[in-house]
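Okay, so the sequence shown: first residue is 1 according to full-length UniProt numbering, each after it adds one.
Just so it is clear, CB atoms sit at the ideal spot from N, CA and C, and this is done for glycine as well.
Small disclaimer: the values here were computed from a predicted structure and weren't measured.
Please read the structure below before turning to the comments.
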Amino acid sequence: MFLHIVFLLSLLSSTSHATVQDFCVADLKGADTPSGYPCKPPANVTSDDFVYTGLAEAANVTNIINAAVTPAFVAQFPGLNGLDLSAARLDLGPGGVIPLHTHPGANELLIVLQGHILAGFISSGNIVYQKVLKKGELMVFPQGLLHFQIAVAISPLLW
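In structure tokens, the structure reads:
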């Protein structure tokens with residue numbers, strides 16, 4: 001019986017996690033598929049694949065919605081490939097708005113770094129959840145739900 005257990009454990013340990021990788025940095029020369037880009041050969045992966053500096057500068061918000069989105073998706077940040085993560089910088093000018101939209105395959109986390117933002121989402125039961133957020137506050141928008149962000153001016157006397 002002991003030998004059966006040892007054999008079973010050795011079989012399980014030899015077959016489990018056989019195809020698990022630490023990461024799969026995107027090879028952007030390959031085709032983007034529903035499961036992501038193919039992996040770069042490990043010998044071609046560098047530390048730079050895991051660092052993205054493109055969100056440091058504010059974007060131009062002189063447009064009809066007084067807003068700009070700077071993406072940090074796999075196409076810009078190959079180290080995200082296969083991690084089900086992405087990021088973006090949202091710049092809102094005075095009265096800027098990101099209209100109702102959804103991300104069918106992803107949750108969103110909003111972090112306010114400056115100013116005040118009215119942010120909210122609509123549940124599948126048609127309930128609106130909204131709040132004015134200030135610097136340092138976060139809000140999550142559940143996957144697939146309509147959500148929005150609006151820059152608001154708050155009087156110091158009201159805050």
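Any idea what DSSP makes of residue i, helix, strand or coil?
i	result
A151	strand
V25	coil
L113	coil
A68	strand
P42	helix
P99	strand
G120	strand
L83	coil
D91	strand
L3	Because the pLDDT of L3 is 43, which lies under 50, any placement of that residue in the model is unreliable, and the question is left without a value.
What residue from the options has the CA that sits closest to residue i's CA?
i	options	result
T53	D32, A87, V25	A87
I111	N63, V69, I64, L138	L138
F121	Q114, N63, L109	L109
D91	G30, I150, I154	I150
G105	K29, P34, Q21	P34
V74	S124, G125, N63, G36	G36
G115	H103, V128, H101, G136	G136
N63	V45, G93, P42, C39	G93
F141	A153, V152, S123, K134	S123
V61	L83, G95, I127, A43	G95
K134	V69, Q21, V45, I154	I154
Got a sec, what are the start and stop residues for the beta strand (DSSP E) residue i sits in?
i	result
K131	128-134
L138	138-141
Looking at residue i: is its Cβ nearer than 8 Å to the Cβ of residue j?
i	j	result
P71	F148	no
V97	A67	yes
L55	T102	no
V132	L118	yes
Q130	N107	no
G30	P38	yes
Counting Cβ pairs closer than 8 Å, one from the stretch 21-31 and one from the stretch 63-83, do we hit at least three? yes
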